[in-house]
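Please read the structure below before turning to the comments.
Protein chains: 2
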Amino acid sequence: MKALQDKIVTEGKVLSDTVLKVDSFLNHQIDPNLMKEIGEEFAVRFQEAGVTKIITIESSGIAPATMAGLFMNVPVVFARKRKSLTLSENLYTAQVHSFTKKETNEISISGDFIQQDDVVLIIDDFLANGQAVLGLLDMIEQAGARLAGVGIVIEKGFQSGGQLIRDRGIRVESLANVASLQNGKVEFVEEISTL
Amino acid sequence: MKALQDKIVTEGKVLSDTVLKVDSFLNHQIDPNLMKEIGEEFAVRFQEAGVTKIITIESSGIAPATMAGLFMNVPVVFARKRKSLTLSENLYTAQVHSFTKKETNEISISGDFIQQDDVVLIIDDFLANGQAVLGLLDMIEQAGARLAGVGIVIEKGFQSGGQLIRDRGIRVESLANVASLQNGKVEFVEEISTL
Chain A
1 MKALQDKIVT
11 EGKVLSDTVL
21 KVDSFLNHQI
31 DPNLMKEIGE
41 EFAVRFQEAG
51 VTKIITIESS
61 GIAPATMAGL
71 FMNVPVVFAR
81 KRKSLTLSEN
91 LYTAQVHSFT
101 KKETNEISIS
111 GDFIQQDDVV
121 LIIDDFLANG
131 QAVLGLLDMI
141 EQAGARLAGV
151 GIVIEKGFQS
161 GGQLIRDRGI
171 RVESLANVAS
181 LQNGKVEFVE
191 EISTL
Chain B
1 MKALQDKIVT
11 EGKVLSDTVL
21 KVDSFLNHQI
31 DPNLMKEIGE
41 EFAVRFQEAG
51 VTKIITIESS
61 GIAPATMAGL
71 FMNVPVVFAR
81 KRKSLTLSEN
91 LYTAQVHSFT
101 KKETNEISIS
111 GDFIQQDDVV
121 LIIDDFLANG
131 QAVLGLLDMI
141 EQAGARLAGV
151 GIVIEKGFQS
161 GGQLIRDRGI
171 RVESLANVAS
181 LQNGKVEFVE
191 EISTL
């Protein structure tokens, strides 16, 4: 997605060979117009997938997922990283390790909001080692729901998560796929349309 | 806001005289179409306020704030509840006590994303004791920015936060204001338009 790649190049900060900071439009400050374009793009890419529900993870997944939900006209559920006192006991849970934050969180989704007849699209801001997506997949499996695929705003193609998920036969659509962050420069994987 | 009040009555769960659970459309599952209407309503109510930035707090504030940002054509910043390893050292911080979760979190916003010439609209999902809004206000003051007002999706009018904030001369616009949750029934404060 050209607008997203341009934004990454102009505003993204390469902190190391593996860390890309996009706090000015995605992870801390949010650009609502770009999120709208991202939501529209996910809706186009998954328009034939029969999606009934989008699942993401707090916090940075919420804005792109909500915009995608608007264009696909389906509800969005965000997995919580900590149990809330007002969440019911009927929970699906999974463990997610973050290599960036060096911590493991339990994520959870209420059983009220994934049903067996749901066709679920997972949306997340980043795909690096794939741990968050694997945790969400685990909960979708627990619920017996069907997976439509995975929509990622920024994939770090040089890390293992994309391969790991695609090797399971799962469709992954990344709107920007970063091939390398070496020498402080963002290089993208050439986009091959799957449509 | 009628559509929101209707949604609260049909889907909200009154767990006690003080706890209203709206996990099916705001706090866990998100209704993107309702969030769009909410964003549009905030944009109408604050259209003359010269807002340059919306500030909210993760996670449930993000969806309504992003939609408001879309209609007001301004960026949205969400305060983080924990420091991220990729956040810079240039931080505004405040302490926020949650009476529901019985815990105090440090919230933070990068100094890169509030400027002295910003006119800030605070948006949050709930206003109960007002602690989250006070924390956000604190950081806006630290930055020397100007406050346009506070937009709340659901105010619990029977708790002290609304009074506390309005007593400071701050404009608070709540799209639904709950007068009482007694006997398991949601009663709303009659809406008086401030336009």
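Protein chains in written order, with the UniProt record's numbering: chain A, 1 to 195; chain B, 1 to 195. Note that beta-carbon positions come from the ideal geometry of N, C-alpha and C, so glycine has one too.
Original post:
Nearest to E11 (chain A) by alpha carbon, out of A:T18, A:Q29 and A:D17?
Top reply: A:Q29
**OP:** Mind listing, in chain order, the continuous alpha helix (DSSP H) runs of no fewer than 4 residues lying wholly within the UniProt domain "Phosphoribosyltransferase" (33-157) of chain A?
**Re:** Taking 4 residues as the shortest admissible run, the UniProt domain "Phosphoribosyltransferase" (33-157) of chain A contains the following complete alpha helix (DSSP H) segments, listed from N- to C-terminal end: 62-72 and 131-143.
Original post:
Hey, is L164 (chain B)'s beta-carbon within less than 8 Å of any beta-carbon in chain A?
Top reply: no
Original post:
Within 8 Å (strictly less), CB to CB, does A63 (chain A) reach chain B?
Top reply: A63 (chain A) counts as touching chain B.
Original post:
Near T100 (chain A), what residues of its chain come up, given a Cβ to Cβ distance below 8 Å and the 5 sequence neighbours on each side ignored?
Top reply: Closer than 8 Å at the Cβ level, and outside the excluded window around T100 (chain A), lie V19 and A128.
Original post:
In whole angstroms, what is the alpha-carbon distance linking I114 (chain B) and E58 (chain A)?
Top reply: When rounded, the distance between both Cα atoms is 23 Å.
Subject >> The beta strand (DSSP E) enclosing L175 (chain A), as first and last residue numbers >> reply: V172 to S180
Subject >> Same chain, Cβ closer than 7 Å to A63 (chain A), neighbours up to 5 away in sequence not counted >> reply: Contacts found: I30 and M35.
Subject >> Per-residue DSSP class, three states only, for K21 (chain B) >> reply: Of the three classes helix, strand and coil, the one that applies to K21 (chain B) here is strand, per DSSP.
Original post:
Got a sec? Which residues, its chain only, sit under 6 Å from V119 (chain B) by beta carbon, not counting five neighbours each side?
Top reply: G50, V51, T52, R146 and A148
Subject >> Where Q29 (chain A) falls: helix, strand or coil (DSSP) >> reply: strand
Original post:
Do you know offhand how far Q182 (chain B)'s Cα is from L91 (chain A)'s?
Top reply: 28 Å
Subject >> DSSP-derived helix/strand/coil call for V186 (chain B) >> reply: coil
Original post:
Terminal residues of the continuous alpha helix (DSSP H) containing Q5 (chain A)?
Top reply: K2 to E11
Original post:
Counting contacts by CB-CB distance shorter than 8 Å, is G69 (chain B) in contact with chain A?
Top reply: The beta carbon of G69 (chain B) sits closer than 8 Å to some beta carbon of chain A.
Original post:
Are the Cβ atoms of I109 (chain B) and V77 (chain B) separated by less than 8 Å?
Top reply: yes
**OP:** Check each residue of the segment 100-117 of chain B: if its Cβ is closer than 9 Å to any Cβ of chain A, include it; give the result in chain order.
**Re:** From the segment 100-117 of chain B, only T100, K101, K102, I109, S110, D112 and F113 have a Cβ closer than 9 Å to chain A.
**OP:** Compare the beta carbon distance of V172 (chain B) and V150 (chain B) with 8 Å and say whether it is the shorter of the two.
**Re:** yes
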